[in-house]
Structure formats: C-alpha cells, structure tokens
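Undergrad: Numbering follows the UniProt record's numbering, in which position 53 of the sequence shown is assigned residue number 53; successive positions increment by one, without gaps.
Note that the Cβ used here is the ideal one computed from N, Cα and C, for glycine as well.
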Amino acid sequence: MVVLLCEDKMTIDLPSQPGTYCLVFSCSTSSPVTIGKLGTYQINPGYYCYIGSAFGQGGLKSRINRHLQINKRHHWHLDYLISHLTPLNIYYSTDTIKQECQWAELLFEDEQSSIPIKKFGSSDCNCPAHLFYYEFNPQLKTFPPQCLTIVLQSSVAQKVERPPTLKGKDTPPVP
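So, in structure tokens, the structure goes:
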C-alpha cells in the first residue's frame, strides 16, 4: 500500500478510472444530523470511515471530489453529514471489480469500529452500513495491498502495512 502526502486543496487529484474508496473523516463536536429518510442521529466526536464505489462517469475523481464539497444538493447519505466532518485520508483502488461490500466487511470485522447509523450508505445492498465510527484515529491496515492512500491532513506520511489476520466481532452497536 502506498501513502502520498497531499497539499490542502479544494479538488483532489485522483484517477478518473472506476474503483472503490474509503474516506476517513474526523469530527470534533457533537451535533444532531438529519440523514434523509434514515432520520435524525447524534454525531459524536471521533473518526468516521465511509466506504463507497465509483463506477459511473468520471470514476473516482468525480465521485470523491463531489463527496468532499459542502454546498451541494443532497443525493447520497454522506451529503447530509459532510458539513460536520473534516476529511483526513482517502483510500482507493482502481480494481474494476466492485469491492465496496468487501471493504465494508473489513471495517465491520474491526473490533475498534462501530456502526453509528444503520444502513448509512448501504441502502442498495445487504450490508449493515457503509459508515463506521472509531473513537481513535483508525489505522486501516486491512485494505488490499494494491490500495492507494492520499493523506489529506498529516504532518508525516506513513507507510501502511496489512496485518496477517482479521479479528471478527459478533454484532456492531447501533443507535
């Protein structure tokens, strides 16, 4: 896995190819947020990881840059939440096979994660959610080795290694 240090800019230079991604955000304040038809939830300080895929026109570049915009029409669940979050990292793969649910499963199995909003980002699949909460900055070492990472806010770029095994968990906490 490669990690790149990126300057703070409005548009992130990403490939226009299709792929799967994970956006890592921090949240510094508690706030109630209404997420479309899912309802109103309390967002707490901590870290949030959102898993998605970009197989439409413009690929990863178009989808991720849209997600990172604050003033836009709300289309995806993340659009309702983005103004409460600060982007930290982008993990992505340009593999032509959709891996969104597999990546969500990796975070679901992480004992440090929980699901803050059931079915967030996963209304079109059987996953419990594609949004995960971490109390501490997650060290996402479980993604496939071909996955690339852009570090948006960090003073030092670090190489991220993949651990040899994953630990499962029975049931995530949900509101």
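At 3 residues or longer, what runs of the beta strand (DSSP E) sit wholly inside the stretch 22-57?
TA: The qualifying runs are 31-35, 39-43, 46-54.
Undergrad: Using three-state DSSP, classify GLY19 as helix, strand or coil.
TA: Of the three classes helix, strand and coil, the one that applies to GLY19 here is strand, per DSSP.
Undergrad: CA-CA distance, residue 176 and GLU100?
TA: Residue coverage of the chain in this structure runs from 1 to 175, which leaves residue 176 outside it and unanswerable.
Undergrad: Taking the alpha-carbon positions, what's the GLY59 to CYS22 distance?
TA: Between GLY59 and CYS22, the C-alpha separation is close to 14 Å.
Undergrad: Tell me, which residues are paired with PHE132 by DSSP?
TA: The partner list for PHE132 (beta bridge, DSSP) reads CYS49.
Undergrad: Would you check if the distance between the CB atom of THR142 and the CB atom of ILE90 is smaller than 9 Å?
TA: Result no, Cβ atoms of THR142 and ILE90 do not sit closer than 9 Å.
Undergrad: Under a Cβ-count criterion, where at least 16 other Cβ atoms within 10 Å of its own Cβ denotes burial, should HIS67 be classed as buried or exposed?
TA: The residue is buried, with at least 16 neighbouring Cβ atoms inside 10 Å.
Undergrad: Does the beta-carbon of PHE136 have 16 or more other beta-carbons within 10 angstroms, so that it is buried, or is it exposed?
TA: PHE136 is exposed by the Cβ-count criterion.
Undergrad: Could you spell out where the beta strand (DSSP E) holding ASN89 opens and where it closes?
TA: ASN89 -> beta strand (DSSP E) spans 86-93.
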